[in-house]
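**Q** Quick note on the numbering used here: the sequence shown kicks off at 30 and runs consecutively. Positions of the beta carbon are idealized from the N, C-alpha and C atoms, including for glycine.
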Amino acid sequence: MAAIGTSLSRKEALEILVAAYCREPSEALLRKIVEAASGLVSYFVSPFSFSPYREDLVQAGYEGLLKALKRFEPERKVRFSTFASYYIRGEIRKELRRGASYHFSPCLTEIQRQVYRVKAELAQSLQREPTLGELSAALNISEEGVAQALVADFVPLEDIDLSLHDRFQLPVEDLVLLREALSRLSEIQRQVLYLIFYHDLTQAAVAELLGTNQRRVSRLLQKSLKQLALELAG
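1) May I ask you to report which of helix, strand or coil DSSP gives Ile217?
2) Using DSSP with H/G/I as helix, E/B as strand and the rest coil, what is Ile225?
3) Just to confirm, is the Cβ distance from Gln232 to Gln220 under 9 Å?
4) Could you give the uninterrupted runs of the alpha helix (DSSP H) lying entirely in the segment 66-114, keeping only those of 4 residues or more?
5) Using DSSP with H/G/I as helix, E/B as strand and the rest coil, what is Gly162?
6) To the nearest angstrom, how far is the alpha carbon of Glu120 from that of Ser154?
7) Secondary structure at Gly240, three-state DSSP: helix, strand or coil?
8) Please state the DSSP three-state secondary structure of Glu124.
9) Would the beta-carbon of Glu237 fall within 9 Å of that of Arg108?
10) Give me the residue from Lys252, Arg245, Gly240 with the minimum Cα distance to Arg213.
11) Among Gln218, Ala166, Arg52, Thr160, whose alpha-carbon lies nearest the alpha-carbon of Pro103?
12) Is Leu259 near Ala149, with beta carbons less than 9 Å apart?
13) Count the other CB atoms, across all protein chains shown, that sit within 10 Å of the CB of Tyr145; report buried if there are 16 or more and exposed otherwise.
14) Could you check if Gly90 is buried or exposed, using at least 16 other CB atoms within 10 Å of its CB as the buried criterion?
15) Using the three-state DSSP reduction, which class does Glu44 fall into: helix, strand or coil?
16) Once DSSP output is grouped into helix, strand and coil, what is the label at Ile170?
17) Is DSSP giving Arg157 helix, strand or coil here?
18) Given this structure, state the Cα-to-Cα distance separating Glu64 from Arg39, to the nearest angstrom.
19) What would DSSP say about Glu53, mapped onto helix, strand or coil?
20) Ignore the nearest five residues each way along the sequence and tell me which others in Val235's own chain have a CB closer than 7 Å to its CB.
21) If the criterion is Cβ atoms closer than 9 Å, does the pair Val70 and Leu94 meet it?
22) Please go through the same chain and pick out, in chain order, the residues whose beta-carbon is closer than 7 Å to the beta-carbon of Ala48, but skip the five residues on each side of it.
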C-alpha cells in the first residue's frame, strides 16, 4: 500500500485501504485503516471533547469502526466512511445510554436553587420555558454559569468553573434536595439535560445522538426542567 501518497485525503485513503483489506485481510492493513479512520471517530466524539469519559466514547467509536469493517460489503457500492458512520455513532450512542458515566459532584452551590426558582417564575410569567439568555439576565450571571449550575450535580467537580458562581455558599439541604430530585428523573432525562446544558448541544444534535427525534427531546427537556423546578421550589 505504499502507493497511497500524501496527495490523497484521509477519506480517500480509507476507501482504498478498506477495499484492499476486503480482498486480503491483514493486521498491517487493519492498523492503517484504524489510523485513517481516526478523524471519522474524532468527528463523532468531538461534541464530548471535555467530557470526563471521553476516552470511553473514543473506544466505543473504534469498536463501531471494527464492527463496520466486519460487516462491510464492497459490492453494494456504498462508501465505507458512510457505512462506518452508522456503526461508530451507534456504539457511541450505546456508551452514552449506559448512564453510569455520570458522576455526582460533592459540591452544590446556592446559585442552583436560585436558577431553578427563577426558571419556574419566568416559565409561569412567559408561559414557556425561559432561554439561557433570559435566565442569565434575570440572575445577572453569565449564560455559561447558568448552564453549569443546571448540571453541576452530576458532572465532576474539576469540570465546573466555580469562578462563575463563587459568591454563593453551599447549603447542605440543597445538595440533598437536588440529588433526590434528579434521582426521580429517568436516565434519558438526565442525558438530555447533560448534553444540552453541559455540552451545549442543540436539541437536533441530542436527538441524533440518542436515536430519537427533536420533538421528543424538546418534550423531555421541558418535562425535566419543570419537574426539577417544582420539586426544588417546594
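**A** If we stick to the structure as given:
1) helix
2) helix
3) no
4) 67-74, 83-100
5) helix
6) 42 Å
7) coil
8) helix
9) no
10) Lys252
11) Arg52
12) yes
13) buried
14) buried
15) helix
16) coil
17) coil
18) 9 Å
19) coil
20) Val221, Leu224, Ile225, Val246
21) yes
22) Pro103
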